[in-house]
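Shown next, in structure tokens, is the structure this report addresses.
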Amino acid sequence: MRIVSLNVWGGLLHEPLMRYLVEAEADVLCLQEVTRTQGAHPDWLDYRDHGVELPQRANLFEEIGAALPTHDAFFSPTARGDLFDGEERVVSEFGLATFVRKSYPVIGQASDFVHGEFSAGGWGAHPRSRNAHCIRLFDYEKGFAITIAQIHGLRDIDGKGDTPDRHAQADALVKLIGQVRKGDERLVVCGDFNVLPGSVTFDALGALGLSDLITSRGHRDTRTSYYRKEPRFADYMLVTPAVEVIAFDAVAEPEVSDHRALLLDLR
Numbered sequence: 145m146r147i148v149s150l151n152v153w154g155g156l157l158h159e160p161l162m163r164y165l166v167e168a169e170a171d172v173l174c175l176q177e178v179t180r181t182q183g184a185h186p187d188w189l190d191y192r193d194h195g196v197e198l199p200q201r202a203n204l205f206e207e208i209g210a211a212l213p214t215h216d217a218f219f220s221p222t223a224r225g226d227l228f229d230g231e232e233r234v235v236s237e238f239g240l241a242t243f244v245r246k247s248y249p250v251i252g253q254a255s256d257f258v259h260g261e262f263s264a265g266g267w268g269a270h271p272r273s274r275n276a277h278c279i280r281l282f283d284y285e286k287g288f289a290i291t292i293a294q295i296h297g298l299r300d301i302d303g304k305g306d307t308p309d310r311h312a313q314a315d316a317l318v319k320l321i322g323q324v325r326k327g328d329e330r331l332v333v334c335g336d337f338n339v340l341p342g343s344v345t346f347d348a349l350g351a352l353g354l355s356d357l358i359t360s361r362g363h364r365d366t367r368t369s370y371y372r373k374e375p376r377f378a379d380y381m382l383v384t385p386a387v388e389v390i391a392f393d394a395v396a397e398p399e400v401s402d403h404r405a406l407l408l409d410l411r
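With the first letter of the sequence shown counted as 1, position 14 gets the number 158 in my numbering; the numbers rise by one all the way through.
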């Protein structure tokens with residue numbers, strides 16, 4: 145089984161991103177910062193917030209789904225707010241997307257907020273609401289179930305250090321996993337955590353038997369050249385001992401976002 149986790153940056157690097165998502169041939173894709181806009185609109189819209197303007201692919205969720213017809217698609221929005229087509233406001237959703245190859249049935253799942261609540265009337269105040277999605281799959285060939293959870297951790301303008309909100313976020317993630325996972329079966333947790341190595345997040349997940357593949361395998365960078373700040377840790381992939389890791393990488397090339405894709409082959 146191949147799992148890819150990636151913050152897709154709203155589809156800003158659309159052409160190489162779409163090519164990579166197809167060519168990676170992942171069985172499960174755990175994607176953060178995915179857009180979904182109902183109705184007919186231009187392919188690109190603008191996100192504007194306090195002087196920041198960033199192009200967003202208007203309907204990235206549908207585009208990825210069309211490019212991966214062999215996968216089931218799940219969308220977990222965090223908020224519904226305004227993007228812009230010139231001066232016209234266009235209501236759009238933003239959140240997590242999970243794509244699962246149809247040969248792996250989804251036999252359990254849960255999605256919930258790990259910080260804040262769903263915001264239907266705008267993007268919300270900072271630090272904005274964040275959620276997680278947890279699925280339980282069955283591998284017919286190998287004859288076992290596996291639980292996979294992804295998270296987009298909260299962003300704090302003061303940095304990636306531990307805060308009471310991040311303590312609560314870690315506890316909420318562990319609770320969500322407990323709603324889906326059965327016993328001590330195989331478990332993978334991934335995403336853009338927005339925390340530093342040594343965070344209490346890893347203590348909470350360690351209680352589930354999870355260990356991090358980024359730091360334990362010597363990776364020191366989960367960002368691409370499009371990100372020019374320090375520190376350069378944001379994304380993580382954790383596994384329990386029952387997960388046999390065949391290969392793992394924080395993919396440096398191709399660059400398809402300001403985050404690197406995390407690619408795990410397991411059995």
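Idealized CB from N, CA, C, for every residue including glycine.
Original post:
Three-state secondary structure (DSSP) at V152?
Top reply: coil
Original post:
Are there three or more Cβ pairs, one per stretch, closer than 8 Å when the segment 315-331 is compared with the segment 371-387?
Top reply: yes
Subject >> Between the CA atoms of S247 and H194 - distance to the nearest angstrom >> reply: 45 Å
Subject >> Boundaries of the beta strand (DSSP E) in which T291 is found, first to last residue >> reply: Element bounds for T291: 288-296.
**OP:** Determine which residues share a DSSP beta bridge with D229 and list them.
**Re:** E232
**OP:** Compute the beta-carbon to beta-carbon distance between S412 and N275, rounded to the nearest angstrom, for a pair I have assumed lies under 8 Å.
**Re:** A question about residue 412 goes unanswered here, because the residues of the chain that appear run from 145 up to 411.
Subject >> Test: H277 CB closer than 8 Å to a CB of chain C >> reply: The chain labelled as chain C is not found in the depicted structure, where only one protein chain is given.
**OP:** List the whole-angstrom C-beta distance separating L240 from L175, where the pair is believed to meet the contact cut-off of C-beta under 8 Å.
**Re:** 7 Å
Original post:
In three-state DSSP terms, what is R330?
Top reply: strand
Original post:
Rounded to a whole number of angstroms, what is the C-alpha to C-alpha distance between I321 and A314?
Top reply: Cα to Cα, I321 sits roughly 11 Å from A314.
Original post:
Which one of L340, S401, V400 has the shortest CA to CA distance from Y380?
Top reply: The alpha carbon of Y380 has as its nearest neighbour, out of L340, S401, V400, the alpha carbon of L340.
Subject >> Among L408, S343, G154, L382, the one whose alpha carbon lies nearest that of Y191 >> reply: Checking every option, the nearest Cα to that of Y191 belongs to G154.
Original post:
Within 10 angstroms of its Cβ, does D171 collect 16 or more other Cβ (buried), or is it exposed?
Top reply: buried
Original post:
So, helix, strand or coil for R272, using DSSP?
Top reply: coil
Subject >> Rounded straight-line distance, which links the Cα of A378 to that of D336 >> reply: 6 Å
Subject >> Whole-Å CB distance - P271 paired with D309, under 8 Å assumed >> reply: Contact flag correct, Cβ pair sits at about 7 Å.
Original post:
Opposite P221 in the DSSP bridges: which residues?
Top reply: Looking at the DSSP output, P221 sits in a beta bridge with G239.
Original post:
G183: buried (16+ other C-beta within 10 angstroms of its C-beta) or exposed?
Top reply: exposed
**OP:** Assign G176 to one of three DSSP states: helix, strand, or coil.
**Re:** A small fix is needed here, since residue 176 is Gln in this sequence, not Gly. Note: Q176 maps to strand in three-state DSSP.
**OP:** Grab the span of the alpha helix (DSSP H) containing A348 for me, first residue to last.
**Re:** Counting along the chain, the alpha helix (DSSP H) containing A348 begins and ends at 344-350.
**OP:** Below 6 Å CB to CB, which residues in the same chain sit around F218 once its five sequence neighbours on both sides are set aside?
**Re:** T242
Subject >> CA nearest to the CA of D187, picked from A168, Y164, V148, G230 >> reply: For the residues A168, Y164, V148, G230, the minimum Cα distance to D187 belongs to G230.
Original post:
Given a threshold of 16 other Cβ atoms within 10 Å of its Cβ, counted over all protein chains shown, does K286 qualify as buried or as exposed?
Top reply: So K286 counts as exposed.
Original post:
How many angstroms separate the CA atom of K304 from the CA atom of P199?
Top reply: 25 Å
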